[in-house]
Amino acid sequence: MAGESEPQSNGSSQLVAFGVGLRRFGVPIDVVLEMAPLGQVDPIPNAPRWILGMMRLRESVVPVLDLRVRLGMPSLVEEGASIVAVVRESRDEHAAWLRSLQASCQDRRAVDVPVGARSCKFARFQLEFESSDVKLMHLLEKLEAPHQRLHEAVREAVDRTTCGDWDGARARLESLRRTEFSALLDRFDDVETHVEEGQRRMAIVLRTQKRAACIAVDRVESVVGYETSQVEATPLEEEMMIDGRGLTAAVVKPLDDGRLIQVLDVERLFEPYEGSEE
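Be aware that the sequence shown starts at 4, since it is given in the working numbering, and climbs by one per residue.
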């Protein structure tokens, strides 16, 4: 593989493992010059979309590759925008839902909208969404309790309508807007604020054949040692790749867990290919 470190006498090598989204990748340790939080990046006009820009590295200037985009994943900005859109839609959905319930009580009409916590889109989003952002996942988990309490309070109000207690139902709906619903809105705001502040990314500076260059990753995990017996070729031939040039040089099977590490071909990461997005 390009840039792979020479195996030691016992057949062992090392790589730096890092994460992008929920996926795990690595590069040979001998091509890694340094690692640090990603600092100021200046855009480069007319660069490919997967080039985030350039950054100063002491007396040099190096290009910064957005590994998410290079691997065909949404950028952090795009992923964040989609999460914020879901949060705002959920906020509006619950507000409209409460207005509909209040209108039904005001007109003394039977409630014909779902009241269960699992009936709304946000609950389905929570069940399906996954992220490597630990704080984001924690904030989403903290939403579950106020969300459940809101739906339970609404069910309590609706139960009063079945007994003909319309005034009691209206009063309960009015009070929950100031309590349960307000608490849920606060948690929605926490998620939105965290996403808009952005996840702090890491920069890995690599030595390529032409120059020093940097890749922006979500997180750096550890240095992983492996034996040659743990290395396998990628399961797809190059002609099966979208661009005919695979970015993964090999796959390492760590002994400590079942998560595969895709070892990237450092040289090919920075090479444009025919039909690449500019």
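Just so you know, even glycine gets a beta-carbon here, dropped at the ideal spot from N, CA and C.
Q) Excluding five sequence neighbours on each side, which residues of the same chain lie with their C-beta closer than 8 Å to the C-beta of Met205? A) For this step, residue 205 is matched to residue 202 along the sequence shown. Excluding positions up to five away in sequence, the list reads Phe21, Met38, Ala39, Pro40, Leu41, Ala219, Val220, Asp221, Arg222 and Val223.
**Q.** Sequence-distant residues of the same chain with beta carbon closer than 8 Å to Ser78, five excluded per side
**A.** On the sequence shown, residue 78 is found 75 positions in, with the first residue counted as 1. Correct list, in chain order: Asp69, Arg71 and Val72.
Q. What do you get for Leu267, buried or exposed, if any count of 16 or more other CB atoms within 10 angstroms of its CB means buried?
A. Here residue 267 corresponds to residue number 264 of the sequence shown, with the count starting at 1. Classification of Leu267: buried, given that the 10 Å Cβ count is 16 or more.
**Q.** Which listed residue (Asp115, Glu147, Gly228 and Leu55) has its alpha carbon closest to that of Phe128
**A.** Locating residue 128 in the sequence shown gives position 125, where the first residue counts as 1. Of the candidates Asp115, Glu147, Gly228 and Leu55, the one whose C-alpha sits nearest the C-alpha of Phe128 is Glu147.
**Q.** Local Cβ density within 10 Å of Met58, reported as buried at 16 or more and exposed below that
**A.** Your numbering for residue 58 matches position 55 in the sequence shown. It is buried - the Cβ of Met58 has at least 16 other Cβ atoms within 10 Å.
Q. Which residues does DSSP pair with Gln265 in a beta bridge?
A. Taking the first residue of the sequence shown as position 1, residue 265 is located at position 262. Beta-bridge pairing links Gln265 to Phe28 and Val254.
Q: Would you mind listing the beta strand (DSSP E) stretches within the region 188-251 that are 3+ residues and don't spill past its ends, in chain order?
A: 205-210, 215-220 and 222-230
Q: Enumerate in chain order the residues of its own chain whose CB-to-CB distance from Ser103 is below 8 Å, with the five nearest sequence positions on each side excluded.
A: Numbered from 1 along the sequence shown, position 100 holds the residue referred to as residue 103. Counting only Cβ-Cβ distances below 8 Å, and skipping sequence neighbours, we find Val116.
Q) What separation, rounded to the nearest whole angstrom, lies between the Cα atoms of Gln233 and Ser225? A) Taking the first residue of the sequence shown as position 1, residue 233 is located at position 230. Taking the first residue of the sequence shown as position 1, residue 225 is located at position 222. Gln233 and Ser225: Cα-Cα distance of roughly 17 Å.
Q: Look at the alpha carbon of Met243 and the alpha carbon of Leu18, and state the distance between them as a whole number of angstroms.
A: Position 240 of the sequence shown, counting from 1, holds the residue named residue 243. Position 15 of the sequence shown, counting from 1, holds the residue named residue 18. With a pLDDT of 45 at Met243, under the threshold of 50, the predicted position of this residue should be treated as unreliable, and no value is reported.
Q | Val19 - partner residues in DSSP beta bridges | A | By 1-based counting over the sequence shown, the position of residue 19 is 16. Beta-bridge pairing links Val19 to Val30 and Val226.
(Q) Applying the 10 Å Cβ sphere with the 16-neighbour rule, what's the burial state of Ile47? (A) The residue given as residue 47 occupies position 44 in the sequence shown. With fewer than 16 Cβ atoms within 10 Å of its Cβ, Ile47 is classed as exposed.
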